[in-house]
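Per my numbering, the very first residue in the sequence shown carries number 3; after that it's consecutive. Beta carbons are placed, not taken as given, at the ideal position from N, Cα and C, and that holds for glycine. Keep in mind the model is a prediction, meaning the values are calculated, not measured. Contents: one structure, followed by commentary.
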Amino acid sequence: MLDHLKSNEADWDADSPPGLEFLFEARVKLHLPAMDVGPTPDGKRVIFLVKGGTFEGPHLRGRVVPDSGADWIRIRPDGTGVLDVRFCLETHDNALLYLHWQGRFWSAPEDAEYAFDVEKPDDPAGAWRYYFRAAPQFETSDPRYAWLNSIIAVTKSRTGDGGPIHRFFAVT
3 MLDHLKSNEA
13 DWDADSPPGL
23 EFLFEARVKL
33 HLPAMDVGPT
43 PDGKRVIFLV
53 KGGTFEGPHL
63 RGRVVPDSGA
73 DWIRIRPDGT
83 GVLDVRFCLE
93 THDNALLYLH
103 WQGRFWSAPE
113 DAEYAFDVEK
123 PDDPAGAWRY
133 YFRAAPQFET
143 SDPRYAWLNS
153 IIAVTKSRTG
163 DGGPIHRFFA
173 VT
């Protein structure tokens, strides 16, 4: 799988920006309400426990392993959410994939309630109202998916339908 993500000599341009290749979309369900730890020395801490979910795309499909992780969000004084996310995926053919990432979540104050409302219906058209991006890393011991151990990935995400909806892309 990884070979097609590499550039070839004829197409290589050191000055061009990297490309993105869509991997899959994950619809993560969360246990609600979130745990509100409150103000800490580094900002307000909120923890969303992962309940389960599904993922599907041209390269991967399966389920979010129930109760396999959480999203530990720290909200800085400037309103930016600093994301620390960890959970597991199980592919349709029983491979386990561990995911972990850092990211950012931000909205204007007037859009904060909408942005954090994970129970609203999925609204892709409204996701422009907030910034929700991350850089996930994969770990697996399954040789069929070992290529994931070697890539850089990014997500473009939104909230709704009971949790975050993450679109995963490999950086090419």
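Q: Decide if residue 161 is buried, meaning its Cβ has at least 16 other Cβ atoms within 10 Å, or exposed.
A: For this step, residue 161 is matched to residue 159 along the sequence shown. With 16 or more other Cβ atoms within 10 Å, it is buried.
Q) Is there contact between the segment 109–121 and the segment 55–74, where contact requires at least three CB pairs shorter than 8 Å? A) no
Q: Quick one: measure Cβ to Cβ for residue 76 and residue 38, integer angstroms, because I've assumed they're closer than 8 Å.
A: For the purposes of this step, residue 76 is taken as the residue at position 74 of the sequence shown. For the purposes of this step, residue 38 is taken as the residue at position 36 of the sequence shown. Rounded, the Cβ-Cβ distance is 12 Å, inconsistent with contact.
Q) Rounded C-beta distance between residue 138 and residue 101? I'm assuming under 8 Å. A) Looking up residue 138 in the sequence shown gives position 136. Looking up residue 101 in the sequence shown gives position 99. Indeed, because the Cβ distance is near 5 Å, the residues count as touching under 8 Å.
**Q.** Cβ-Cβ distance between residue 170 and residue 26 below 7 Å
**A.** As a first step, residue 170 must be located in the sequence shown, where it is residue number 168. As a first step, residue 26 must be located in the sequence shown, where it is residue number 24. Going by C-beta atoms, residue 170 is nearer than 7 Å to residue 26.
Q) Cβ atoms of residue 88 and residue 113: under 7 Å apart, would you say? A) Locating residue 113 in the sequence shown gives position 111, where the first residue counts as 1. Locating residue 88 in the sequence shown gives position 86, where the first residue counts as 1. No, they are not a contact pair.
Q. To the nearest angstrom, how far is it from the Cα of residue 24 to the Cα of residue 61?
A. Start at 1 with the first residue of the sequence shown, and residue 24 comes out as number 22. Start at 1 with the first residue of the sequence shown, and residue 61 comes out as number 59. Going from the Cα of residue 24 to the Cα of residue 61 covers about 8 Å.
Q: Could you give the DSSP three-state label for residue 149: helix, strand or coil?
A: For the purposes of this step, residue 149 is identified with residue 147 of the sequence shown, where counting begins at 1. DSSP places residue 149 in helix when its eight states are reduced to three.
Q: For residue 157, count neighbouring C-beta atoms within 10 Å of its own C-beta (all shown protein chains included) and say buried if the count is 16 or more, exposed if not.
A: For the purposes of this step, residue 157 is identified with residue 155 of the sequence shown, where counting begins at 1. With 16 or more other Cβ atoms within 10 Å, it is buried.
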